[in-house]
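What follows is a single structure, written as structure tokens, with notes after it.
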Amino acid sequence: MQVTETNAEGLRRELKIVIDARDLTDRMAARLDRLSSTMQMPGFRRGRVPKTLLKQRYGKALMGEVLEETVSTSSQAAIAERSLRLASQPRVEIKEFNEGKDLEYTLAFEVMPEFDVGDLAKLQIERLVAEPGDKDIGDAIDRLTSAQRKFGPAADGYEAKKGDLLTMDFVGTVDGVEFEGGKAEGARVELGQNQFIPGFEDQLIGAKVNEPRTLTVTFPSDYSVRFLAGREATFSVTVKTIAIPEDAKMDDDLAKALGLENVDAVRAAVKEQLAKDFGAVSRRRMKRAVLDKLADMHGFDVPPGLVEAEFGAIWGEVDAARKRGQHEPGDENKSEDELKEQYRTLATRRVRLGLVLAEVGRRNNIAVSSEEIERSISQQAMRFPGQEKSIYAYFRNNPQAVETLRGPILEDKVIDFIIEMAKVTDRTVTTEDLMDESDEAIGAESAESDKGEGKAKKKAKAKKDE
Numbered sequence: 054m055q056v057t058e059t060n061a062e063g064l065r066r067e068l069k070i071v072i073d074a075r076d077l078t079d080r081m082a083a084r085l086d087r088l089s090s091t092m093q094m095p096g097f098r099r100g101r102v103p104k105t106l107l108k109q110r111y112g113k114a115l116m117g118e119v120l121e122e123t124v125s126t127s128s129q130a131a132i133a134e135r136s137l138r139l140a141s142q143p144r145v146e147i148k149e150f151n152e153g154k155d156l157e158y159t160l161a162f163e164v165m166p167e168f169d170v171g172d173l174a175k176l177q178i179e180r181l182v183a184e185p186g187d188k189d190i191g192d193a194i195d196r197l198t199s200a201q202r203k204f205g206p207a208a209d210g211y212e213a214k215k216g217d218l219l220t221m222d223f224v225g226t227v228d229g230v231e232f233e234g235g236k237a238e239g240a241r242v243e244l245g246q247n248q249f250i251p252g253f254e255d256q257l258i259g260a261k262v263n264e265p266r267t268l269t270v271t272f273p274s275d276y277s278v279r280f281l282a283g284r285e286a287t288f289s290v291t292v293k294t295i296a297i298p299e300d301a302k303m304d305d306d307l308a309k310a311l312g313l314e315n316v317d318a319v320r321a322a323v324k325e326q327l328a329k330d331f332g333a334v335s336r337r338r339m340k341r342a343v344l345d346k347l348a349d350m351h352g353f354d355v356p357p358g359l360v361e362a363e364f365g366a367i368w369g370e371v372d373a374a375r376k377r378g379q380h381e382p383g384d385e386n387k388s389e390d391e392l393k394e395q396y397r398t399l400a401t402r403r404v405r406l407g408l409v410l411a412e413v414g415r416r417n418n419i420a421v422s423s424e425e426i427e428r429s430i431s432q433q434a435m436r437f438p439g440q441e442k443s444i445y446a447y448f449r450n451n452p453q454a455v456e457t458l459r460g461p462i463l464e465d466k467v468i469d470f471i472i473e474m475a476k477v478t479d480r481t482v483t484t485e486d487l488m489d490e491s492d493e494a495i496g497a498e499s500a501e502s503d504k505g506e507g508k509a510k511k512k513a514k515a516k517k518d519e
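So the sequence shown is numbered by the working numbering: it starts at 54 and just counts up by one.
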């Protein structure tokens, strides 16, 4: 076998591989030997069929198998000999082959970049710390109490007030034409919860059952459905029922109904849950900070094929959303070329971060155990009560689906490892500061997943864009 490197531009490689004709002849002879030992044909005993006859009848198929086997083994040998780490599936192109002559083919692929992950111990990461205060706990208990409220039917002629629960039918129009998602029957709304677009709920205050009412609202300028963004719409609404909330307060009886002993136990449970929630937010922000630091540390070239694959996945979602009239905030006035450049930059960042995290994991023997996979599958199953068996069966029969779980688990383990290595400084902040994530850059989160850049949002509807 002769191997010549014909292209070494950037991370792209191309090898010209020549296989001696004698090697192919020997492989073909071996195939014929195996076939003749078992083959039986009319007029010949088993194992006595002439090889010339076998070659005449099966030679083309056998040569195809020989070529496939030869290309596979010689390609692997050429790559292993050069200790190359491939970033893409090799592309094979047979340049020349005639039986009895040498086989010549090219092997084109991309290799993983060589880079230094850096001294992780020198990373300086800030961890935001917030303790649940009396106001946080009180607000959470109020929400919990409110969620347990019961509603009773309103009297005839009652006018709806803030806090009432309404069911209604409505039809929305823009310039007299109905629009997709602007019609519903039996929709529920608790007035004052701001579930619908601004102004919608306010105009229902004072409404009566079966009294037609016309509402005029303006969709937000950054509404995800471009056709509706900033436009005035008219809704014809008929309230079907009005339910009045009954007074509710947190007391020992309600605490027992929630499975706790008394109000103090509720307060303790709420405080504990808030602490967990705050910790999760802090960890998420710290993870994003780690990824930002890693992105700043590394600027190496990434395999174009990986970037194209990532960009293709992102753009597929973005383009599908755009065709439905939906867009990400800030994207509505950009041209397609500008958007493609923006999301290609995001794709490059994700690929580079993914390679850095993978390299940290590889060098430090970080892996995902079968127990962790099983735990993740169980968590997925819990999201679909009553369908647990089908969820387990789905993952059991789809190895590719299991791999979609492995990636995020491995990423989190690597991030945890980096945080353990880094210099972490705690900074105490208010609850508001902890929850304010508005200053964080697009794409600064997971290297494998995102907050929704380019993902399709809910279809247009009277409810506000969430």
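All residues carry an ideal CB built from backbone N, CA and C; glycine is no exception.
Computed from a predicted structure; not experimentally measured.
(1) Let me see if you follow: with CB-CB separation under 7 Å, is Pro298 close to chain C or not?
(2) Let me check one thing: in DSSP terms, what residues is Glu179 bridge-paired to?
(3) Using 8 Å as the Cβ pair cut-off and three pairs as the minimum, do the stretch 466-483 and the stretch 405-420 touch?
(4) Would a C-beta distance cut-off of 7 Å place Lys476 and Gln177 closer than the cut-off?
(5) Let me know the secondary structure DSSP gives Met54 once reduced to three states.
(6) Please return the same chain residues whose Cβ sits closer than 7 Å to the Cβ of Ile462, not counting the five positions on each side in sequence.
(7) Run the CB neighbour count on Gly225, radius 10 Å, all protein chains shown included, and call it buried at 16 or more, exposed below.
(8) Considering Thr91, what are the terminal residues of the alpha helix (DSSP H) in which it resides?
(9) Go ahead and label Asp390 buried or exposed: buried means 16 or more other beta carbons lie within 10 angstroms of its beta carbon, across all protein chains shown.
(10) Can you name, in chain order, every residue of its own chain whose Cβ lies under 8 Å from the Cβ of Gly210, other than the five neighbours on each side?
(11) Would you mind sorting Thr57 into buried or exposed? The rule is 16 or more other CB atoms within 10 Å of its CB.
(12) Specify the secondary structure class of Lys302 as computed by DSSP and reduced to three states.
(13) Which same chain residues end up closer than 6 Å to Arg144 when comparing Cβ atoms and leaving out the 5 residues on each side of it in sequence?
(14) Tell me the rounded alpha-carbon separation between Val164 and Ala373.
(15) Looking only at C-alpha atoms, which of Leu218, Thr105, Arg138 sits nearest to Ile297?
(16) For the stretch 169-220, list the alpha helix (DSSP H) runs that are entirely contained and at least 4 residues long, ordered along the chain.
(17) Rounded to the nearest angstrom, what separates Val319 and Ala308 at their Cα positions?
(18) Would you mind reading off the limits of the alpha helix (DSSP H) that contains Gly383?
(19) To the nearest angstrom, report how far apart Glu498 and Met303 are at their CA atoms.
(20) Among Ala237, Glu238, Lys236, Asp255, whose alpha-carbon lies nearest the alpha-carbon of Leu244?
(21) Do the stretch 146-162 and the stretch 59-73 make contact, defined as three or more Cβ pairs closer than 8 Å?
(22) Would DSSP call Arg138 helix, strand or coil?
(23) At a cut of 8 Å, does the stretch 76-90 reach the stretch 118-130 through at least three beta carbon pairs?
(24) Excluding five sequence neighbours on each side, which residues of the same chain lie with their C-beta closer than 7 Å to the C-beta of Pro522?
(25) Given a threshold of 16 other Cβ atoms within 10 Å of its Cβ, counted over all protein chains shown, does Lys175 qualify as buried or as exposed?
(26) From what residue to what residue does the alpha helix (DSSP H) around Ala342 run?
(27) Note down the Cα distance separating Arg397 from Arg403, rounded to an integer number of angstroms.
(28) Where Thr484 and Val343 are concerned, what is the direct C-alpha to C-alpha distance, given to the nearest angstrom?
(29) Check for me: the beta strand (DSSP E) holding Arg66 runs from which residue to which?
(30) Arg138: which of Glu167, Ser127, Val230 sits nearest, CA to CA?
(31) Please classify Asp222: does DSSP put it in a helix, a strand, or coil?
(32) What do you get for Glu363, buried or exposed, if any count of 16 or more other CB atoms within 10 angstroms of its CB means buried?
(33) In this structure, how does DSSP classify Glu394 when only helix, strand and coil are distinguished?
(34) Does the separation of the CB atoms of Gly171 and Met339 fall below 7 Å?
(35) Mind checking which residues open and close the beta strand (DSSP E) that includes Lys148?
(36) Verify whether the separation of the beta carbon atoms of Val227 and Arg284 is less than 7 Å.
Looking at the atomic coordinates:
(1) Of the chains in the structure shown, none is chain C; there is only one protein chain.
(2) Thr478
(3) yes
(4) yes
(5) coil
(6) Val421, Glu425, Ser429
(7) buried
(8) Note, Thr91: premise wrong, no alpha helix (DSSP H); not H, not E.
(9) exposed
(10) Lys261
(11) exposed
(12) coil
(13) Ala161
(14) 32 Å
(15) Leu218
(16) 187-200
(17) 6 Å
(18) Per DSSP, Gly383 belongs to no alpha helix (DSSP H) and is neither H nor E.
(19) Because Glu498 carries a pLDDT of 41, less than 50, the predicted location of this residue cannot be relied on, and the following value inherits that uncertainty. Each residue's alpha carbon lies about 38 Å from the other.
(20) Asp255
(21) yes
(22) coil
(23) yes
(24) Because the chain in this structure spans residues 54 to 519, residue 522 falls outside the shown range and cannot be described.
(25) exposed
(26) 316-350
(27) 10 Å
(28) 21 Å
(29) 65-72
(30) Glu167
(31) strand
(32) buried
(33) helix
(34) no
(35) 144-149
(36) yes
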